[in-house]
C-alpha cells in the first residue's frame with residue numbers, strides 16, 4: 277500500500293503515459309495470444325499452457341505497477357486538486373458532525389448497520405478555486421446556538437488553523453486565558469501556537485485571531501487515511517474549544 281501511495285505522487289508526462297499505455301496493450305495482447313495458442317494446441321505442446329500462465333503471473337504485478345505509475349498525477353495541478361478536495365469536501369463534511377447527532381439505541385443482533393442521522397450543524401465554506409486557503413463558518417444548532425469562525429491554510433505538508441473570536445467577547449489577555457486549556461491540548465497533539473493574538477476582519481467583522489501551526493506528513497495529500505484522521509482530530513479540538521470557552525462563541529443573536 278505504501279508503495280502505491282508513493283507511486284501516486286510521481287509525475288509522468290502525458291507523452292510518456294501514452295507510450296506506456298501502448299506498451300501495456302502490446303504486452304497484454306501478446307500474453308493473450310500465447311494463452312489462446314496454448315489452449316488450442318495443448319495436445320501437441322502441453323508445456324505451453326504452464327509457460328503462458330507463468331508468464332502472465334510474472335507480468336501482471338509489473339503491469340499493475342506500470343499502470344499506477346502511468347496514470348499517476350503528482351504535478352502541481354494534481355496537488356492543488358487534492359488540496360481543494362480536502363478543504364471543500366472532506367473537512368466540512370467532517371465538521372458537520374460537530375453536534376454529533378445520536379440515533380436511538382438498537383440491538384446489534386437485529387441491526388446490521390448503524391442508523392444514519394443527518395447532522396444539523398451548518399458548515400459554510402468560502403474558498404477560491406486555485407487557493408490553498410478556506411474560511412469556514414460553523415453554526416451549531418440549538419436554542420443557544422454557537423458559531424465558530426475558522427480559517428485553514430493547507431500548504432502541502434503544513435497546515436495553519438486560525439480561530440476567530442469577535443472583539444466584543446473580551447480583550448486579548450482574556451481570550452488567551454479562556455482558551456488556555458484547549459491550546460495546551462493542541463500543543464500536545466503537535467501544534468505550535470503563536471503566543472501573540474492577532475487582529476483580523478476576515479470573517480467580515482473585527483476579530484481576535486489565534487493561529488495554530490502543525491507540520492504534516494509528506495504524503496498527507498495522497499493519503500486518505502491521514503486526511504480523515506486530521507479532519508476528525510480537528511473536529512475534536514474545536515469541540516473542546518467551544519466546551520472550554522462557550523462564552524466566546526455564542527452566536528450574535530444571543531449576545532444582542
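In my numbering, the protein residues as written are 277 to 532.
Just so it is clear, CB atoms sit at the ideal spot from N, CA and C, and this is done for glycine as well.
Under a 10 Å Cβ-count criterion, residue 427 is classified as buried, with 16 or more other Cβ atoms of the shown protein chains found around its own Cβ. According to the DSSP secondary-structure assignment, residue 413 is paired through a beta bridge with 400, 425. Ranked by Cα distance from residue 418, the first of 302, 306, 294, 527 is 527.
For residue 459, the enclosing alpha helix (DSSP H) covers residues 456 to 464. Looking at the backbone, the Cα of residue 456 and that of residue 513 are separated by about 13 Å. For residue 467, the three-state secondary structure derived from DSSP is coil.
Each of 383, 333, 354, 400 was checked against the Cα of residue 364, and the nearest Cα belongs to 400. Under DSSP, no beta-bridge partner is assigned to residue 479. In the DSSP assignment, residue 518 falls within the unbroken alpha helix (DSSP H) covering 500 to 520. Within the same chain, and ignoring the five residues on either side of residue 367 in sequence, the residues whose Cβ sits closer than 6 Å to its Cβ are 507. In the three-state reduction of the DSSP assignment, residue 334 falls in the helix class. 305 is the residue among 357, 305, 352, 355 whose C-alpha sits nearest the C-alpha of residue 332. Two segments are said to touch when three or more pairs of C-beta atoms, one from each, lie closer than 8 Å; by this definition the region 399 to 414 does not touch the region 452 to 468. If you ignore the 5 residues before and after residue 473, its C-beta comes within less than 8 Å of the C-beta of 448, 451, 452, 484, 485, 486, all in its own chain and listed in chain order. Remark: C-beta atoms of residue 503 and residue 362 approach each other more closely than 7 Å. For the region 350 to 381, the continuous alpha helix (DSSP H) assignments of 4+ residues that do not extend past its boundaries occur at 352 to 361, 367 to 371, in sequence order. Annotated three-state conformation of residue 488 is strand, per DSSP. The residue from 431, 437, 433 with its alpha-carbon nearest to that of residue 425 is 437.
The C-alpha of residue 511 is placed about 17 Å away from the C-alpha of residue 524.
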